[in-house]
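Student:
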Amino acid sequence: MRRFEVALLLSACALCAVSCNSCPENCESPDGLFRELRNSLSRAAVVYLPGSEEFEAATTRWSELDTPTVNVVVVPATEDDVVDTVRQANNCGVPILTFNGVHGSITTLVAQDGKTATIGGGASSKTVTDALWASGKQTVTGTCECVSYLGPALGGGHGWLQGHHGLIADQFVSVNIVLADGSRQTIDSSSDLWWAIKGAGHNFGIVTSVIAKVYDIEHRDWAIETLIFSGDKVQAVYEVANKYLSNLPVDITNWSYWLNIPDADPDRPVILFYIIQEGVTVVDPAYTSPFRDIGPISSEAKSGSYRDLATWTEVAVDLPPCQKAGLANPRFPIYLREYDVAAQREAYDTFAANVGENSPFSASIFMFEAYPQQGVRAIDSELTAFAFRNENLLTAPLLTYKPAGKELDDQAARIGNQLRDIIYRSSGHKELHAYVNYAYGDEKPENWYGYEQWRRVRLRGLKQKYDPEGLFNFFAPIG
Ligand SMILES: Cc1cc2nc3c(=O)[nH]c(=O)nc-3n(C[C@H](O)[C@H](O)[C@H](O)COP(=O)(O)OP(=O)(O)OC[C@H]3O[C@@H](n4cnc5c(N)ncnc54)[C@H](O)[C@@H]3O)c2cc1C
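Reading the sequence shown from the start, the letters are residues -20 to -1, 1 to 459 in mature numbering (1 follows the signal peptide of the UniProt record, and there is no 0).
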């Protein structure tokens, strides 16, 4: 049996809410459930109760906003442990929150026939990338090393290689999943659940492993140009981005962040602008020169391999975004077709006004991610629950702050929504499309899963069939 780790968190609220008259004895308290699980799970599995260091470590989240109240943590060692845990939670009417990337993981990743690999349910993006790289292979994963492979994938999943091959979920060949009734099933394109797993997968069970497509490494060389602009250049930068970096060629990715870098500008947030190219040692000047001509504060070129990308873009395991620092990190995402330059200016000014040196939100960023879309568009939008294949830009303010009560949380939500609203109003879109994996939580299901009536009917029907009691309702519920 392959070893993997996925932590299951059983929420206290439901334990309290459940009527225990009709419940087995073990449901009456976390201790009862703990004993029952401890007796039935495999020897290598572990179960933690509040009060232990391990419990604390397992329940510490990357974002401290609205954290769930947890009664019992299970770290299964085998796929059967997951089955057992779901059955017992089901008996007690206790809902489950699956945790993955925030806990680190041990997993098995086996390259099988050169075209697919089996990836354990607890694998991190870095584990997958490194293991495949060692065999001369690669696949689409999220960009951030500490994020799990499956967390992003279940909501679609954006990554460096999506221009070639599509979203992370598009790589699935089959999925082993423990469903709400505790049954373990292998699903593939012959299952009605297949469609939902690719975009709304968080709602349907615990994925214990996946067989995913892998590819020969096409280009070992990658290059980046990092430019930093002062805020007064915001219009010029996004005007040029619309001209030279829209409908990106398959080998180019462009990200930018607005954030405070006092060494670059002590007074206002700067624009940190990445142009990344595959298969070269220097980014083609056709893309970089128009930006250099704007007059950046600095520009720096680097070259290396695919595995350097996370460090260059500051999402490697040892860098701040991967640390659990007791901060709240709500994001307010919106997909766009192109930049509205005037709205970028207005959003920048509003952002700058709220993230000054003395603001509790001074460590916040505004993210603008442009990935190549060819592989994503090559797949018919109707084939997956991921609904937004026609978008070009993934943007989101990320309000980072030290939690200090509801008032500050409300303030963060107001600012985040205000910033998103500036971008939305100018977009000309009649619908707000929000990447479910970045969602704040107050969006509506149609914002995450698409406005088309047939999508909502289909998702609700599948939910009714596979999880009628709503055991898996914590993460972006279908509604
Ligand atoms: C620094 C950073 C960088 C990011 N970069 C990217 C990126 O490049 N591309 C991208 O698409 N997204 C990215 N994201 C967003 C990411 O997709 C979400 O934050 C995602 O929810 C993280 O998954 P996780 O497993 O690491 O976190 P967790 O909190 O452990 O999981 C999130 C949810 O995913 C579900 N889940 C996870 N594993 C399983 C499983 N095995 N079975 C069933 N359900 C499961 C559960 O519902 C769980 O609550 C990034 C986020 C951060 C913080």
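Cβ atoms here follow ideal geometry from the backbone N, Cα and C, with glycine treated the same way.
Nearest-angstrom Cα distance between T188 and R394?
Tutor: On the sequence shown, residue 188 is found 208 positions in, with the first residue counted as 1. On the sequence shown, residue 394 is found 414 positions in, with the first residue counted as 1. Cα to Cα, T188 sits roughly 38 Å from R394.
Student: Short of 7 Å in beta carbon distance, which residues of its chain neighbour F331, apart from the five on each side in sequence? Order them along the chain.
Tutor: Your numbering for residue 331 matches position 351 in the sequence shown. So the list reads W238, P249, F346, P377, L399, once near-sequence residues are dropped.
Student: I'd like to confirm the pairing. Which residues does DSSP put opposite K117 in its beta bridges?
Tutor: Taking the first residue of the sequence shown as position 1, residue 117 is located at position 137. Looking at the DSSP assignment, K117 forms a beta bridge with D196.
Student: Does DSSP classify L239 as helix, strand or coil?
Tutor: Position 259 of the sequence shown holds residue 239. Here L239 sits in strand by DSSP.
Student: Going straight from the alpha carbon of S154 to that of W174, what length do you get?
Tutor: Position 174 of the sequence shown, counted from the start, is the residue given in the question as residue 154. Position 194 of the sequence shown, counted from the start, is the residue given in the question as residue 174. Whole-angstrom Cα-Cα distance: 9 Å.
Student: How would you call T364, buried or exposed, if buried means at least 16 neighbouring beta carbons within 10 angstroms?
Tutor: What you label residue 364 is simply residue 384 of the sequence shown in a count that begins at 1. By the 10 Å Cβ count, T364 comes out buried.
Student: Is any heavy atom in ligand 1 found nearer than 7 Å to the beta carbon of Y267?
Tutor: Counted from its first residue, the sequence shown places residue 267 at position 287. Checking every heavy atom of ligand 1 against the Cβ of Y267, none is found closer than 7 Å.
Student: Helix, strand or coil for T96 per DSSP?
Tutor: Translated into positions along the sequence shown, residue 96 becomes position 116. Three-state result, T96: strand.
Student: Three or more C-beta pairs closer than 8 Å, one from the region 366 to 376 and one from the region 295 to 313: is that the case here?
Tutor: Counting Cβ pairs under 8 Å, three or more are found: they touch.
Student: Leaving aside the five residues before and after L256 along the sequence, list all residues of the same chain whose C-beta is less than 6 Å from its C-beta, in chain order.
Tutor: The residue labelled residue 256 in the question sits at position 276 within the sequence shown. Per the sequence shown, residue 256 should be read as Ile rather than Leu. Excluding positions up to five away in sequence, the list reads I204, T233.
Student: For I208, which option in F454, I277, Y420, G136 has the closest C-alpha, if you only look at C-alpha atoms?
Tutor: Indexing the sequence shown from 1 puts residue 208 at position 228. The shortest Cα separation from I208 among F454, I277, Y420, G136 belongs to I277.
Student: How many Å lie between F137 and N397 at the Cα?
Tutor: As a first step, residue 137 is located in the sequence shown; it is residue number 157 there, counting from the start. As a first step, residue 397 is located in the sequence shown; it is residue number 417 there, counting from the start. Checking the displayed sequence, the identity of residue 137 turns out to be Gly instead of Phe. Spanning the two alpha carbons is a distance of roughly 23 Å.
Student: Quick check: does the Cβ of Y418 come within less than 7 Å of any heavy atom belonging to ligand 2?
Tutor: The model depicted lacks ligand 2 and carries ligand 1 instead.
Student: Pop quiz: Q151 and T119 are said to be a contact at Cβ under 8 Å. What is the actual Cβ separation, rounded to whole angstroms?
Tutor: Numbered from 1 along the sequence shown, position 171 holds the residue referred to as residue 151. Numbered from 1 along the sequence shown, position 139 holds the residue referred to as residue 119. So it is a contact: roughly 6 Å between Cβ atoms.
Student: Measuring alpha carbon to alpha carbon, tell me which residue in Q142, V62, I177 is nearest G355.
Tutor: To locate residue 355, count along the sequence shown from 1; it is residue 375. Measuring from the Cα of G355, the nearest candidate turns out to be Q142.
Student: Return yes when the C-beta of I186 is under 7 Å from any heavy atom of ligand 1, and no when it is not.
Tutor: To locate residue 186, count along the sequence shown from 1; it is residue 206. Correct: I186 has its Cβ closer than 7 Å to ligand 1.
Student: For F454, which residues in the same chain have their Cβ closer than 6 Å to its Cβ, ignoring the five residues on either side in sequence?
Tutor: Along the sequence shown, one-based indexing puts residue 454 at 474. Within the same chain, F454 has close Cβ partners L77.
Student: On the three-state DSSP scale, how would you describe Q353?
Tutor: Residue numbering aside, residue 353 sits at position 373 when the sequence shown is read from its first letter. If DSSP states are grouped into helix, strand and coil, Q353 belongs with coil.
Student: My assumption, with CB atoms under 8 Å, is that I402 sits in contact with E326. Please give the rounded CB distance.
Tutor: If you number the sequence shown from 1, residue 402 lands on position 422. If you number the sequence shown from 1, residue 326 lands on position 346. Contact flag correct, Cβ pair sits at about 5 Å.
Student: Under DSSP, the beta strand (DSSP E) around S20 begins and ends at which residues?
Tutor: As a position in the sequence shown, residue 20 is number 40, starting the count at 1. Note, S20: premise wrong, no beta strand (DSSP E); alpha helix (DSSP H) at 10 to 20.
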